[in-house]
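Trainee: Per the UniProt record's numbering, residue 1 is the first one in the sequence shown, and the count goes up by one each step. For each residue, glycine too, the CB sits at the ideal point set by N, CA and C.
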Amino acid sequence: MYTFSNRLKIGSFIAMAVGLIFLVIGFTSAPSTVEEAKAIVASAHHDDHGGGHAEAAEHATEDTHGEAAGHGQEAAHEEGHDASHDEHLLHQLQNRPWSALYVAAFFFFMIALGVLAFYAIQRASQAGWSPLLFRVMEGITAYLVPGGIIVFVILVLSVLHMNHMFVWMDADVVAHDKLLQGKAGYLNPTFFLVRAAIFLGGWIFYREISRKLSLAQDEADDNTNFVKNFRWSAGFLVFYLVTESMMSWDWIMSLDPHWFSTLFGWYVFASMFVSGITVIAMVSIYLKSKGHLENVNDSHIHDLAKFMFAISIFWTYLWFSQFMLIWYANIPEEVTYYIARFQDYKLPFFSMLVMNFVFPLLVLMNSDYKRINWFVIMAGIVVLFGHYLDVYNMVMPATVGDQWHFGIPEIGGILFFGGLFVFWVFNTLTKHPLQPKRNPFVEESRQFHY
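#1: Just to confirm, is the Cβ distance from Phe307 to Phe441 under 9 Å?
#2: Excluding sequence positions up to five away, which residues of its chain have a Cβ less than 8 Å from the Cβ of Arg341?
#3: Decide if the stretch 254 to 266 is in contact with the stretch 202 to 213; the criterion is three or more beta carbon pairs, one per stretch, under 8 Å apart.
#4: Using three-state DSSP, classify Phe4 as helix, strand or coil.
#5: Taking Cβ positions, are Val425 and Ala220 nearer each other than 9 Å?
#6: Roughly how far, in whole angstroms, is the beta-carbon of Asp390 from the beta-carbon of Asn356, given that I think they are within contact range, below 8 Å?
#7: On the DSSP letters alone, give me the boundaries of the alpha helix (DSSP H) that Tyr317 sits inside.
#8: Return the residue from the list Ser125, Ser84, Pro97 and Leu384 that minimises the CA-CA distance to Gly413.
#9: Quick one: what's got a C-beta closer than 8 Å to Lys228's C-beta in the same chain, skipping five residues either side?
#10: Kindly indicate which residue of Ser445, Thr430, Gly419 and Val103 has the alpha-carbon position closest to the one of Ile252.
#11: Under three-state DSSP, which class holds Gly386?
#12: Trp424 by DSSP, collapsed to three states: which one?
#13: Just the Cα atoms here: how many angstroms apart are Ala124 and Phe314?
#14: How do the stretch 373 to 384 and the stretch 277 to 288 stand: do at least 3 beta-carbon pairs fall below 8 Å, yes or no?
#15: State the DSSP-derived secondary structure class of Gly291, mapped to helix, strand or coil.
#16: What did DSSP end up calling Asn182 once you bin it into helix, strand or coil?
#17: Would you tell me roughly how many angstroms separate the C-alpha atoms of Val159 and Gln181, rounded to the nearest one?
#18: Checking 9 Å against the spacing of the C-beta atoms, do Asn373 and Lys290 come in under that value?
#19: DSSP on Tyr143, reduced to helix/strand/coil?
#20: Determine the burial state of Gly354: buried for a count of at least 16 other Cβ atoms within 10 Å of its Cβ, exposed for fewer.
#21: Ordered along the chain, which non-local residues of its own chain (more than five positions away) have a Cβ less than 8 Å from that of Pro436?
#22: Apply the 10 Å Cβ neighbour rule to Asn225 and answer buried if 16 or more other Cβ atoms are within range, or exposed otherwise.
#23: Pick helix, strand or coil for His432, following the three-state DSSP scheme.
#24: Could you check the C-alpha separation between Ser84 and Val395 for me, to the nearest Å?
#25: Would the stretch 13 to 23 count as touching the stretch 405 to 422 if we require 3 or more Cβ pairs under 8 Å?
#26: Within its chain, find whatever has a CB closer than 8 Å to the CB of Glu87; leave out the 5 residues flanking it on each side and keep chain order.
#27: For Phe423, which option in Ala42, Leu325 and Ile140 has the closest C-alpha, if you only look at C-alpha atoms?
#28: Could you tell me whether the stretch 262 to 274 touches the stretch 291 to 300, using the rule of 3 or more Cβ pairs below 8 Å?
#29: Using the Cα positions of Asn163 and Trp129, report the straight-line distance between them to the nearest angstrom.
#30: Exposed or buried, what is Val312 when buried is set at 16 or more other beta-carbons lying within 10 Å of its beta-carbon?
#31: So is Ser445 buried or exposed if we call it buried at 16+ other beta carbons inside 10 Å?
#32: So is the beta-carbon of Tyr186 under 8 Å away from any non-hydrogen atom of the ligand ATP?
#33: Over what stretch of residues does the alpha helix (DSSP H) that includes Phe226 continue unbroken?
#34: Measure the alpha-carbon distance for Phe230 versus Asp222 and round it to whole angstroms.
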């Protein structure tokens, strides 16, 4: 039975406390008036922060969703135009702590959701190599409950207009936007929250029933619970494929409601899938280093690292497919998505590509290195931060425009949710033995060597 070490427990509490303080600082330092927003931008201009921000002092209110409009305005309209953009600037700066909170909350939630998909695939395929890792996966997926509740609360607060992240939730914006009016049947606050509740309810329900059947199998005299788990897992994967895509449209793509991509659901899935597998590998290595999971060997870690490599390449394939088609077609309402990121997010955008593709390609290609625990841990840290940046690049350009910084609220979000994630996962791992007893394939998993 695993015992939650005091050092790890205290570390997670400290991370949560420091993260919470940083998030509070981020929210309290956000401007409340247009004048405060202008002062913040003027101060940032003097610091010349983050390439391209020097222009922010003069054009800080430029709307990244419609750059072409307004460049040739007559002087008679400048005052009204400036007032509108000043308000937009205020909303962008007010969105920053909310966006930092949302990026971190979604990132750690998607790790748990990615692990849930991997777990269901192992169950449905009746894989023989992975049963020794099931308790680790069940521990990680336990975070779906607190993580899902927090994300849902953020979505509810967005519907209540506590922030301006989802512009389609603003009735005044929709009233002057024909495109958003056409999408109102789907993008409306009530239906949005109903869908979110269905998604979260379905995911958490499967996790709880699968966990219950998994534990019951250990005490059973036959394989009835194992068979039930197989059936639930196969059915869940159908539900998951539909709801994960819809979730990515709702929670991420609708932040930029004038833009869409038919690949987006798969793209988000690839990011959460590789992140989840990476965390499975890292938690397994940690537990093994503490004397647990004694039957997990280098072949198990090697297979997890192979999945890290393979899904990183899959993610790159989807990223390039999405980018290449949109960039080559050069349709204005589509290509602006990447123009905004090329112009204002060079550092996080290209860093993400290096960490999510170039680094795994070069580091994880060698088969021998996949068996070296510290090497897999090091690669996993880089991959995880790369996919955090992926979520950051999906959210921030739509919510804060060119007023981005990586500072106190972003660090606070990572620390708070990282601490909560570690505490919840490892606390769950203490509840039951880490090795399944009566899984029909547990002996095959124990003898897994190559």
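Mentor: So, from the listed chains and residues:
#1: no
#2: Around Arg341: Phe349, Asn393 and Pro397.
#3: No, they do not touch.
#4: coil
#5: no
#6: Contact flag correct, Cβ pair sits at about 6 Å.
#7: Asp298 to Ala329
#8: Pro97
#9: If we look at Lys228 and ignore the five residues flanking it on each side, its Cβ neighbours are Leu213.
#10: Among Ser445, Thr430, Gly419 and Val103, the Cα nearest to that of Ile252 is on Val103.
#11: helix
#12: If DSSP states are grouped into helix, strand and coil, Trp424 belongs with the helices.
#13: Take the alpha-carbon of Ala124 and the one of Phe314: they are about 22 Å apart.
#14: yes
#15: Note: Gly291 maps to coil in three-state DSSP.
#16: In the sequence on display, residue 182 carries Gly and not Asn. Helix at Gly182.
#17: Val159 and Gln181 have their C-alpha atoms roughly 17 Å apart.
#18: no
#19: coil
#20: Inspection of the sequence shows that residue 354 is occupied by Val rather than by Gly. Val354 comes out exposed.
#21: Pro131, Leu132, Phe134, Arg135, Ser214, Gln217, Asp218 and Val442
#22: Classification of Asn225: buried, given that the 10 Å Cβ count is 16 or more.
#23: coil
#24: 23 Å
#25: At 8 Å Cβ cutoff, the stretches touch.
#26: Val34
#27: Ile140
#28: Judged by Cβ distances under 8 Å, the stretch 262 to 274 makes no contact with the stretch 291 to 300, as fewer than three pairs qualify.
#29: 46 Å
#30: Inspection of the sequence shows that residue 312 is occupied by Ser rather than by Val. When all chains shown are included, Ser312 counts as buried.
#31: buried
#32: The model on display carries no ligand, and the ligand ATP is accordingly not part of it.
#33: Its alpha helix (DSSP H) spans residues Thr224 to Trp251.
#34: 14 Å
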